[in-house]
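Residue 80 is where the sequence shown starts when you use my numbering, and the numbers rise one by one after that. Glycine residues also receive a C-beta, built at the ideal position from the N, C-alpha and C atoms. Written below as structure tokens is the structure these notes are about.
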Amino acid sequence: MFRAIRDFLDLLLALLKWPLAFVALMTLPGAIWAFGDLVLRAGDAWRHLTPFLLGAAAYFLLWKFVLRRPTWGSLLSTFEHELTHGLFAWLTFHAVVGLKASWRSGGQMQFKGRGNWLISLAPYFFPTASLAVAVALLWVPAEHLPWANGLLGATVAYHITSTKMELHAGQTDLKVAGWLFSALFLPAANVITYSLLLAFALGGRVAMAGSAAGVWARTRDLIALLT
């Protein structure tokens, strides 16, 4: 049964691939506009965001002077990258049969089945570490939440730096998913991802829902302006 579900999901994602690329391309301007709205809100609420920004700044400094060298930093980044591949393999009913990471020779995640573009591209837009922290923060008492956001800021900075290092012309994942599709899909996916994370730092789940609605609203506004 699981094999049938796996094959069905692979087929469905293959059929949705180019329609989603078109939707992502059309959504990108509205997503950028909505992200700008969030940044303006963040400017008005900078005191609330101070822990988030300090956490991000601290990680950027740690990465610049320590973690970007081929040591434990790159090992952890590679492990998280492969873990994200594995997570989306599981979500699309592919049995993961191997996962390895090293700071010298990169990493590899092996699974059963044909696979799909979502497995290939997941690490380049899905912030696994940030999501784990965001879920944990749902149980943090409200009075401690602002400072706990510092950890969320650090994971967002981690996702930015790791994605920056992993996006390059020799990246096999992008070749497997297709260069054109990756170029069409990933920009909008990343803008929306960072919008959701910033919204969560500003106001939790309610703000995240508002951010998602804002992308749709701004996209409609742009369509209305052009028609």
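Check: Is the distance from the Cβ of ALA296 to the Cβ of ALA286 below 8 Å?; Outcome: no
Check: Between the beta-carbon of THR272 and the beta-carbon of PHE204, is there less than 8 Å?; Outcome: yes
Check: Taking 8 Å as the cut-off, decide whether the C-beta atoms of LEU231 and LEU216 are in contact.; Outcome: yes
Check: Can you tell me the Cα-Cα spacing of LEU91 and GLY115, whole angstroms?; Outcome: 33 Å
Check: So GLU245 packs on HIS160, CB below 8 Å; how close in whole Å?; Outcome: 6 Å
Check: Determine whether the beta carbon atoms of THR163 and PRO202 lie at a separation below 8 Å.; Outcome: yes
Check: Who are PHE190's beta bridge partners in DSSP?; Outcome: VAL175
Check: Starting from MET287, trace the alpha helix (DSSP H) both ways and give me its first and last residue.; Outcome: 258 to 305
Check: Check the C-beta distance from LEU308 over to ALA291 and give it rounded, since I have them as a contact under 8 Å.; Outcome: The question about residue 308 has no answer, for the chain in this structure spans 80 to 306.
Check: Which whole-angstrom value is the C-beta distance of GLY186 and THR207, which I expect to be below 8 Å?; Outcome: With 8 Å as the limit, GLY186 and THR207 do not qualify as a contact, their Cβ atoms being about 14 Å apart.
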